[in-house]
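>
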Amino acid sequence: MAESLTSPLLTRRAGVRHGFSPDPAGVSAWRPQQVHGAAVAEPTGAAAPPVPADAALSRAGGPAIGVVTADCVPLLLAAEGGAAVAAVHAGWRGLAAGVIEAAIERLRTAAPGRALVAAIGPAAGGCCYEVGPGVIEAVAPAALRVVPGPRGRPLLDLRGVVEDRLRRAGLAPEAIERVGPCTVCGQGWPSYRRDGERAGRALAFVEPAGA
Ligand SMILES: [Zn+2]
-19 MAESLTSPLL TRRAGVRHGF SPDPAGVSAW RPQQVHGAAV AEPTGAAAPP
31 VPADAALSRA GGPAIGVVTA DCVPLLLAAE GGAAVAAVHA GWRGLAAGVI
81 EAAIERLRTA APGRALVAAI GPAAGGCCYE VGPGVIEAVA PAALRVVPGP
131 RGRPLLDLRG VVEDRLRRAG LAPEAIERVG PCTVCGQGWP SYRRDGERAG
181 RALAFVEPAG A
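In our numbering, the protein residues as written are -19 to 191.
#1: Could you spell out the range, first to last residue, of the beta strand (DSSP E) harbouring residue -14?
#2: Taking any heavy atom of ligand 1 as the mark, which residues have a C-beta closer than 5 Å to it, listed down the chain?
#3: CB-CB under 7 Å to residue 168, same chain, minus the five flanking residues each way: which ones, in chain order?
#4: Provide the residue(s) that pair with residue 38 in DSSP beta bridges, ordered along the chain.
#5: Rounded to the nearest angstrom, what separates residue 100 and residue 21 at their Cα positions?
#6: Only counting runs of 3 or more residues, tell me where the beta strand (DSSP E) segments fall wholly within the region 61 to 134, in order along the chain.
#7: Taking all protein chains shown into account, do 16 or more other C-beta atoms lie within 10 angstroms of the C-beta of residue -4, making it buried, or fewer, making it exposed?
#8: Would you call the region 52 to 59 and the region 96 to 110 touching, i.e. three or more CB-CB distances under 8 Å?
#9: Name, in chain order, the residues that DSSP records as bridge partners for residue 10.
#10: So, is residue 13 buried or exposed, given that buried needs 16 or more other C-beta atoms within 10 angstroms?
#11: Is the region 179 to 189 touching the region 23 to 35 in the sense that three or more CB pairs, one from each, lie closer than 8 Å?
#12: For residue 4, is the classification buried or exposed, using 16 other Cβ atoms within 10 angstroms of its Cβ as the cut-off for buried?
#13: Is residue 139 near residue 103, with beta carbons less than 8 Å apart?
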């Protein structure tokens, strides 16, 4: 199994404890019940019951939050200084539903006037992520170059789509960082595409600043 990873950008500009871990065991973070939608949940505390959502928000003094993935994109967002943070599970359905835009809007309301930084974790890469044309139509911006894979089906760089959405939402290029490898061809990360039902789940978590 791979080592856990952190984002130097998130550490430097938000100062928050966070990580991308190939194994959720041993990391304590509140997680929503993920349903590939666009809802953003804000737990009242670490012991709050899970609710259906694909993004979680926490403010200064609040609990660590997280999402689990196996090829979908784990995205951690933080307001500078860590006054508010979000963890987002971004698969193509959630992207199409607007989960990233919803999380950013909630963060801007929670931490007005603060710049946001984003760390995009390990996910299926443009090297491996074959999709049907419907997925391309649903999520790919016109400018994103889509190349056919070895079997003629298009390959989609899902992290590139996430980055495009972040840029459109107003984040500067230097406020966005990619962390870690493609989960399918990289070593040590859970991949549903590669391992099917046997695949484990990786955890992306982030904790806001103290109250
Ligand atoms: Zn790959």
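The beta carbon of each residue, even a glycine, is placed where N, CA and C say it ideally should be.
In brief:
#1: From DSSP, residue -14 is part of no beta strand (DSSP E); its letter is neither H nor E.
#2: Matched residues: 105, 107, 108, 162, 164 and 165.
#3: Closer than 7 Å at the Cβ level, and outside the excluded window around residue 168, lie -19, -18 and 2.
#4: Per DSSP, 65.
#5: The straight-line gap from Cα to Cα measures roughly 20 Å.
#6: 64 to 70 and 96 to 100, all fully within the region 61 to 134.
#7: Classified as buried, residue -4 has 16 or more neighbouring CB atoms from the shown chains inside 10 Å of its CB.
#8: Cβ pair count under 8 Å is three or more, so yes.
#9: By DSSP's assignment, residue 10 forms a beta bridge with 45.
#10: Counting other Cβ atoms within 10 Å of its Cβ, residue 13 stays below 16 and is therefore classed as exposed.
#11: Taking 8 Å as the limit for Cβ pairs, the verdict is that the region 179 to 189 does not touch the region 23 to 35.
#12: Label assigned to residue 4: buried.
#13: Taking 8 Å as the cut-off, the Cβ atoms of residue 139 and residue 103 count as close.
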